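Residue numbers (the working numbering), protein chains in the order written: chain A, 255 to 576; chain B, 255 to 576.
If you want it as structure tokens, here you go:
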């Protein structure tokens, strides 16, 4: 690494911890992955992070300006407290305090989706743009919004729960307790649910899709639906089409409400169905207000699964350098 | 007027021009109203504004710091150009340039709903709050959003088209060309449409509502629906209930996406049905994400039909004083 100014970026999820050194150009060095030992609890996981990060710092041979960490959960930004992280089973873990004391560097804690948005904004498909929306469609649906050059955080730092905008008041139930949320149509779990229900309703139409999942209804996932759709299976195509229509409706709502210059789409569902970005682009232009789409670009996310690490590290550089 | 620092606030609509002197406390003086002579064209209307405003300035006896004007249309904020104002029949009218040249004062031009949001933010129900949404439910539905202490404007200055978030992908057609928009359920025109359709479908159930509109189906308006609902008419209550459910769905989407501290409701439909703010408050708390509503207040707008004038004047003070 040639840059004199660098930070550590961490993406802490329920199954794995991703870590890298990130420089001011958003380049990653010494990226590594460590399993998240959820059962061992917060102290043990933090111990793992400290060990991995110290090791990485030694490899680089210099001291980082600090560390950024994205966590799948609700974050209190002032104290860097993880208020609630369901995948980790954490409540009120003072992550910033614990890690900065253990490492001796400043630490900034953010939400994982917000971190990925920072990544796309500063070094990905959003570079140089002050008004953008990132919508990540994976198992769940989440996002981040930059407006007027500011990352929106909201009153309790939860702004950007874009998967839980309602697109159909009589729609299917969502994991959040409400119904008709965008995520309940287009999240990976919802695509899988929809496919399983369709197979159960019409087993003969579902033969291909079921076989592609090894004949097990429970093994039908958003990935197997995307594979079957790519192979031309009509049922899988219908399921994907329903998700695409929902994403268009959600995107239209977001474009009308926020008027972004760029609408950036990422996540496993987007990566699994290559036509989706084009379909959403076309749908927005047909259905959103003309004035709100005059300068709009609809783009695929650029950093893929590096967005979180790059974003967390870049946020640290931004936070801890002048 | 005791304040040394004051501005002129103008609310330019398709039927009337409202003008007042506004001081730094958001107080209005010498408020007056002038009809908008749409047929006479932009130059004549601007002439009327200049005459009214000069007269007002003379009454005050001192020079304002400038003038703010809210226009029902799309505004290019850099040049203060009215790009498109359907109610006025204007396209590309350089309002800021024309008025500042005629008056010799600095002029700031904004959208009428944005002006009303400035009013509620600086001197109404949003005072002292840096994260809020104003949703105005009148004939149309529009709004403004303040996030992190900034009024959102977006890429083409159209942020805040909150009436055109989609709440039901199979919902009724909207004036914007799309279907299922919040406005197509809850705007005054949509409430009237829904009531007329319900009366046509079931004339006996519609007797009371039709009579309240003088027996003329075309004379059924959102106001007559609200009056009939207030009198306990079951059909009118069902129509209002449908609009209320739509507003809850829209509010849930907005609260989840923006995480405001305050959600402020104004406009004729809100004023006409006194239970609406409470119903929306309750609905948000039942259906939005708990984390997004932790600090949320749902409040009625405070400035009523003064919000536009006060907001436009206050924006001028904010823009043209240090």
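Note that CB positions come from ideal geometry on N, CA and C, so glycine has one too. This one's a predicted model, so the numbers in the text were calculated from it and none came from an experiment.
Cβ neighbour criterion (16 or more within 10 Å) applied to residue i
| i | result |
| --- | --- |
| residue 332 (chain B) | exposed |
| residue 442 (chain A) | buried |
| residue 511 (chain B) | buried |
| residue 513 (chain B) | buried |
| residue 457 (chain A) | exposed |
| residue 269 (chain B) | exposed |
| residue 266 (chain B) | buried |
| residue 327 (chain B) | buried |
| residue 374 (chain B) | buried |
| residue 465 (chain A) | exposed |
Option nearest residue i by Cα separation, candidates the options
| i | options | result |
| --- | --- | --- |
| residue 406 (chain B) | A:386, A:422, A:425, A:391 | A:386 |
| residue 448 (chain A) | A:465, A:466, A:474 | A:474 |
| residue 367 (chain A) | A:518, A:350, A:357, A:382 | A:518 |
| residue 330 (chain A) | B:548, B:300, B:394 | B:548 |
| residue 282 (chain A) | A:298, A:536, A:561 | A:561 |
| residue 559 (chain A) | A:451, A:544, A:525 | A:525 |
| residue 389 (chain A) | A:509, A:359, A:339 | A:509 |
| residue 279 (chain B) | B:538, B:261, B:292 | B:261 |
| residue 344 (chain B) | B:290, B:485, B:489, B:523 | B:290 |
| residue 540 (chain A) | B:371, B:430, B:303 | B:430 |
| residue 293 (chain A) | A:342, A:359, A:515, A:383 | A:342 |
| residue 415 (chain A) | A:516, A:391, A:335 | A:391 |
| residue 550 (chain B) | A:412, A:503, A:542, A:479 | A:412 |
| residue 354 (chain A) | A:424, A:365, A:335 | A:335 |
| residue 486 (chain B) | B:515, B:532, B:463 | B:463 |
| residue 569 (chain A) | A:351, A:365, A:313 | A:365 |
| residue 499 (chain A) | A:470, A:535, A:478 | A:535 |
| residue 410 (chain B) | B:338, B:478, B:470, B:314 | B:338 |
Cβ of residue i within 7 Å of any chain B Cβ
| i | result |
| --- | --- |
| residue 535 (chain A) | no |
| residue 574 (chain A) | no |
| residue 406 (chain A) | yes |
| residue 291 (chain A) | no |
| residue 388 (chain A) | no |
| residue 259 (chain A) | no |
| residue 494 (chain A) | no |
| residue 447 (chain A) | no |
| residue 548 (chain A) | yes |
| residue 369 (chain A) | no |
| residue 418 (chain A) | yes |
| residue 329 (chain A) | no |
Boundaries (first-last residue) of the alpha helix (DSSP H) holding residue i
| i | result |
| --- | --- |
| residue 577 (chain A) | Since the first residue of chain A shown is 255 and the last is 576, residue 577 (chain A) is not available in this structure. |
| residue 289 (chain A) | First-last for residue 289 (chain A): 282 to 289, but that is the beta strand (DSSP E), not the alpha helix (DSSP H). |
| residue 326 (chain B) | That residue, residue 326 (chain B), is in no alpha helix (DSSP H); it is neither H nor E in DSSP. |
| residue 421 (chain A) | No alpha helix (DSSP H) holds residue 421 (chain A); DSSP gives it neither H nor E. |
| residue 493 (chain A) | 488 to 512 |
| residue 481 (chain B) | 476 to 484 |
| residue 564 (chain A) | 561 to 574 |
| residue 464 (chain B) | 461 to 466 |
Enclosing beta strand (DSSP E) for residue i [first to last residue]
| i | result |
| --- | --- |
| residue 543 (chain A) | That residue, residue 543 (chain A), is in no beta strand (DSSP E); it is neither H nor E in DSSP. |
| residue 258 (chain A) | Unbroken run through residue 258 (chain A): none, as it is neither H nor E. |
| residue 276 (chain B) | 270 to 277 |
| residue 301 (chain A) | Residue 301 (chain A) -> not in any beta strand (DSSP E); alpha helix (DSSP H) instead, spanning 296 to 314. |
| residue 456 (chain A) | Where residue 456 (chain A) is concerned, there is no enclosing beta strand (DSSP E), given that its DSSP letter is neither H nor E. |
| residue 516 (chain B) | 516 to 520 |
| residue 554 (chain A) | 551 to 554 |
Below-7 Å beta-carbon distance, residue i vs any chain A residue
| i | result |
| --- | --- |
| residue 410 (chain B) | yes |
| residue 517 (chain B) | no |
| residue 545 (chain B) | yes |
| residue 506 (chain B) | yes |
| residue 385 (chain B) | yes |
| residue 398 (chain B) | no |
| residue 428 (chain B) | no |
| residue 514 (chain B) | yes |
| residue 342 (chain B) | no |
| residue 559 (chain B) | no |
| residue 432 (chain B) | yes |
| residue 477 (chain B) | no |
Supposed close pair residue i, residue j - CB separation, criterion 8 Å
| i | j | result |
| --- | --- | --- |
| residue 379 (chain B) | residue 554 (chain B) | 7 Å |
| residue 402 (chain B) | residue 404 (chain A) | 6 Å |
| residue 309 (chain A) | residue 288 (chain A) | Their Cβ separation, rounded to whole angstroms, is 10 Å, which puts residue 309 (chain A) and residue 288 (chain A) out of contact at 8 Å. |
| residue 276 (chain A) | residue 564 (chain A) | 6 Å |
| residue 362 (chain A) | residue 322 (chain A) | 5 Å |
| residue 259 (chain A) | residue 307 (chain A) | In fact, because the Cβ distance is near 17 Å, the residues do not count as touching under 8 Å. |
| residue 505 (chain B) | residue 537 (chain B) | 7 Å |
| residue 527 (chain B) | residue 494 (chain B) | 6 Å |
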